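In terms of the working numbering, the sequence shown has 508 at position 376, counting the first letter as 1, and numbering is strictly consecutive.
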Amino acid sequence: MMSKNWRPATQLVHGGTTRSAHGETSEAIFLTQGFVYESSEAAEARFKGETDGFIYARYGSPTNDMFEKRMCMLEGAEDARATASGMAAVAAAILCQLRAGDHIVAARALFGSCRWVVETLAPKYGIDFTLIDGRFLENWEKAVKPNTKVFFLESPTNPTLEVIDIAGVAKIANAVGAKVIVDNVFATPLLQKPLELGAHIVVYSATKHIDGQGRCLGGVILSDKAWIDEHLHDYFRHTGPALSPFNAWTLLKGIETLPLRVRQQTENASKIADFLAEQGKVAKVIYPGRKDHPQADIIERQMKGGSTLVCFELKGGKEAAFALQNALEIVKISNNLGDSKSLITHPATTTHKNLSDDARAELGISPGTVRFSAGIEDSQDLVDDFARALKAVSA
Ligand SMILES: Cc1ncc(COP(=O)(O)O)c(C=O)c1O
133 MMSKNWRPAT
143 QLVHGGTTRS
153 AHGETSEAIF
163 LTQGFVYESS
173 EAAEARFKGE
183 TDGFIYARYG
193 SPTNDMFEKR
203 MCMLEGAEDA
213 RATASGMAAV
223 AAAILCQLRA
233 GDHIVAARAL
243 FGSCRWVVET
253 LAPKYGIDFT
263 LIDGRFLENW
273 EKAVKPNTKV
283 FFLESPTNPT
293 LEVIDIAGVA
303 KIANAVGAKV
313 IVDNVFATPL
323 LQKPLELGAH
333 IVVYSATKHI
343 DGQGRCLGGV
353 ILSDKAWIDE
363 HLHDYFRHTG
373 PALSPFNAWT
383 LLKGIETLPL
393 RVRQQTENAS
403 KIADFLAEQG
413 KVAKVIYPGR
423 KDHPQADIIE
433 RQMKGGSTLV
443 CFELKGGKEA
453 AFALQNALEI
463 VKISNNLGDS
473 KSLITHPATT
483 THKNLSDDAR
493 AELGISPGTV
503 RFSAGIEDSQ
513 DLVDDFARAL
523 KAVSA
C-alpha cells in the first residue's frame, strides 16, 4: 500500500480517511451512538463477528476509527483505542492487563494523576508497586520482583524534562516478561518513537500537542494487535472510556498540522532556552535540545529533536517565579501544554502541589522551578516578552 511509505506530514493529513457516499473533503463526524442492520440475521452475524462493521459507539465508531488508524500509521502501531482523556488512556493501559498480586515498576517522575493511579488506585485492587529514579537502568533491574508485569514511565518527564533510556528499560522488561508502557506526551509522536525503541504500549494525552489548540480532551493507547485483543479489547468495551466522535474529529483536524506546530514550537522552545541560560536571574535551564542537558547522550540516541517544553529555575524562588509569570503578556499562565499558545506554569503550586516537599525535591522541583510550553508565536516576540518580564523579577 502506498500509504505505508508516506512520511509523517502526509500521513497526518490523509492517513485512515474513509469517505461516505458524499465524497466529502474533510473527514465526516459520525455523531451516532448506534448502527442499524438490514435484517435480524445481519444483526446476529455482526454480533457473532462474522461480518465487519460497527455495533455500538462505546466499542468503536467511524470518526474514532479514522483517528485511531491515523495514529497507528504515525506511531508504527498495529492497533489503537481512542479514549476520552489522557488519564483514561493511562488508567486503561495499566489496569486492563493486571490483576491482584501483580507488581508495577514505575519511574517516580510521573504526572500527578499517573502517580495517583500507580500509588493509590492500583493498590486498592491488590496491585503492588515500586517507584524508582528511572534515569538509572540498574534501578529498574533492582526493583523487579517475580510478580512484576508492567514497567511504566514518561520521558521526557513532567516538569523537569529528565530523560529515560527507553531501549535500556525495554531490554530489562523483556528479560523478565514485563510490558513497558510509555507515556509519550512530552516527546510527541514526531520526536520519539517508543515502539521502535522496544516499548510495548504507548499512551498519549491527545489533549496536548495532538489537538494542540486547547479545544478538547482526548487520549489514545497504541500497541500490537495481540496485546489489544487479549487485554484491552474487552476492558475498553465494558468500562466505557471511549472518546466522543466530536472530539475524535477535532483531533483529526488537530493532527493535520502537528508537524508544522511541533517544528515551530521546538524552534521557539530552543530559542527561549538559550535566552534564559544567559540570564543572571536564572539558576538553571533544562532543555532536551541543549548540549548541557544531563542526558544529552540518550537524547541523541532516542529523540529526533529537542522538545516543545523548557524547564528552568529562578534564583529568587517562588516570589521570582510568580513575578515573572505575572509580568508575561504573550505567554499565558496555564497548566496545559503543547498548545499553539505559549503557556507557563509553576509546578510546585499547581500540577505537583499534592506531592510532599520531599517528593518534589526528589524530582528536582524547587520553589523557583517554572515550566514553559512553547506555542507557535513569533520567536522574537516571545524572547522580548521574557526579557521584559524578567525585569519585574527582583535580583
Ligand atoms: C504526561 C501526562 N500524562 C497524562 C496526562 C493526562 O492527560 P489528560 O489531561 O488528557 O487526561 C497529562 C496531562 O497533563 C500529562 O502531562
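Cβ coordinates follow ideal geometry from the N, Cα and C atoms, glycine included. Treat the numbers as computed from the prediction; the structure is a model and nothing was measured.
Per the C-alpha coordinates, the member of H425, L487, V502 positioned closest to N458 is V502. Listed as beta-bridge partners of Y188 by DSSP are G166.
The stretch 343 to 350 makes no contact with the stretch 239 to 247; the number of CB pairs closer than 8 Å stays below 3. L446 places its beta carbon 9 Å or farther from that of F518. The alpha-carbon of I298 is positioned some 10 Å away from that of R433.
Non-local beta-carbon contacts of N306 in its own chain, meaning distances under 8 Å to residues more than five positions away in sequence, involve G330 in chain order.
Residue T440 holds the alpha-carbon nearest to the alpha-carbon of A405 among Q427, T440, G372.
When distances are taken from the beta-carbon of V295 to the heavy atoms of ligand 1, even the shortest one reaches 8 Å or more. DSSP places G412 outside any alpha helix (DSSP H), giving it a letter other than H or E. For G386, the enclosing alpha helix (DSSP H) starts and ends at 377 to 388. The alpha helix (DSSP H) runs of length 4 or more contained entirely in the stretch 282 to 322 are, from start to end of the chain, 298 to 308.
DSSP places E445 within a strand segment (E or B) once states are collapsed to three. For the pair Y336 and V312, the CB atoms are not nearer than the 9 Å cut-off. Assignment of beta-bridge partners to K416 by DSSP yields E445. In this structure the stretch 268 to 285 touches the stretch 224 to 243; the number of beta carbon pairs closer than 8 Å is three or more. Per DSSP, reduced to three states, the secondary structure at S498 is coil, with no helix or strand assignment. DSSP, reduced to helix, strand and coil, places L460 outside both helices and strands of the structure shown, so it counts as coil. Looking at D516, D424, K403, H341, the one whose alpha-carbon comes closest to that of K473 is H341. When the five nearest sequence neighbours on each side are left out, the beta carbons in the same chain lying within less than 8 Å of the beta carbon of T150 are those of P194, D197, M198, in order along the chain. Just so you know, the alpha carbons of L495 and T292 end up roughly 7 Å apart. The residue from A374, E410, T389, Y419 with its alpha-carbon nearest to that of N400 is Y419. Exposure of F179 is indicated by the presence of fewer than 16 other C-beta atoms within 10 angstroms of its C-beta. For G351, the three-state secondary structure derived from DSSP is strand.
DSSP places Y367 within a helical segment (H, G or I) once states are collapsed to three.
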